[in-house]
Amino acid sequence: MKIATYNVNSINARLPVLLRWLSEAAPDIVCLQELKAPGEKFPEEAILSAGYQSIWHGQKSWNGVAILSRQEKPQEIRRVLPGDPEDTHSRYIEADAGSIVIGSLYLPNGNPAPGPKFDYKLAWLERFQIHAKALVNMNKPVVLAGDYNIIPADEDVYKPERWVDDALFRTEVKEAFRQLTGNGWTDALRYLYPQQTIYTFWDYFRNAYGRNAGLRIDHFLLNPAALSLLAAGGVDRHVRGWEKTSDHAPVWIEIKNG
DNA sequence: ATGGCTCCATACTGGAGA
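Printed below as a string of structure tokens:
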């Protein structure tokens, strides 16, 4: 079973690229982020015609997350991250998808830091850690996939010295990610490729993709049951080179049938 | 330090992204 995550940076602006990539990569389950569309503008029919049933949580202009499946329709478990009834951003959706539990997340960017946006990011991370703790020991494989807006380590950014004060690379944020991976979650791509340079995002500015000035910020966290089934993973980086593409590339893992 | 690019809103400009 192939599971992918892709920050599309607008589901409607990206629809041709998304459909092209779906037919090429043929993932079984897909987590999408940054739909940038209200619920009623989600292109459900076009995605159905491509063979995928979807659940989504949209929002006008910003954020928005979805889960697609080629098999049966994902069974929604929740569409908000627990812990703050005041939080209006659409940044989390979770479902039962066949044999696994899958969460699609879009963590706040947090810039500029320090400031209220960074405070919101840290608060969101704290809620996420609490929720992740509730999921980690399930007997079922659990996969938490998405745009974490966290650069976990120096090797995950082209010039770490330029990012030290950025909300994606601040100590508090790296520490939160380190705590997650110390509490039973595994960063699947880093686990598969301990030494390699892996990027999932390249800025639209300054020919960042051409210069390979990238970041690794889209991640798969696996609980022990999911890790025991992990077979492969990678980044479809060539998609970042297509016309009218997102600034993120799709990332995927392959899970054995457990 | 800035700006470079792309997206959205209801707009010919500004906010957000990372």
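Just so we're aligned, residue 1 is where the first sequence starts under this note's numbering, counting upward by one.
Where is the CB? At the ideal position from N, CA and C, for every residue including glycine.
Just so it is clear, the structure is predicted and the values come from calculations on it, not from any experiment.
| Asked | Found |
| --- | --- |
| Option in Asp154, Ser246, Ile11, Ile67 with minimal Cα separation from Asp28 | Ile67 |
| Reduced DSSP secondary structure (H/G/I, E/B, other) of Ser23 | helix |
| Option nearest Ser228 by Cα separation, candidates Gly214, Ile253, Asp87 | Ile253 |
| Coarse secondary structure for Tyr158, derived from DSSP in three states | coil |
| Leu222 to Ile100 span [Cα, whole Å] | 11 angstroms |
| Asn12 and Pro38 closer than 8 angstroms at C-beta | no |
| First through last residue of the beta strand (DSSP E) which encompasses Leu168 | Counting along the chain, Leu168 falls outside any beta strand (DSSP E), and DSSP gives it neither H nor E. |
| Inter-residue Cα distance where the pair is Asn7 and Glu34 | 6 angstroms |
| Under the three-state DSSP convention, the category Asn109 falls into | coil |
| Those residues which DSSP pairs with Asp187 across a bridge | Leu221 |
| Residues near Ala167 by beta carbon distance below 8 angstroms, same chain, minus five either side | Asn109, Gly110, Asn111, Pro112, Ala113, Lys117, Phe118, Lys121, Asn149, Val173 |
| 8 angstroms Cβ cutoff met for Ser104 and Gly146 | yes |
| Selection from Ser54, Trp21, Gln59, Pro85 that minimises the alpha carbon distance to Asp96 | Ser54 |
| Three-state secondary structure assigned by DSSP to Ile29 | strand |
| Reduced DSSP secondary structure (H/G/I, E/B, other) of Glu243 | coil |
| Among Lys36, Ala4, Asp87, the one whose alpha carbon lies nearest that of Gly64 | Lys36 |
| Limits of the unbroken beta strand (DSSP E) element including His57 | 53-57 |
| Host beta strand (DSSP E) of Ser69 (start-end) | 65-69 |
| Start and end residues, beta strand (DSSP E) containing Asp119 | Per DSSP, Asp119 belongs to no beta strand (DSSP E); it is in the alpha helix (DSSP H), 116-135. |
| Glu45 - containing alpha helix (DSSP H), residue span | 44-49 |
| Same chain, Cβ closer than 7 angstroms to Trp62, five either side skipped, listed in chain order | Lys36 |
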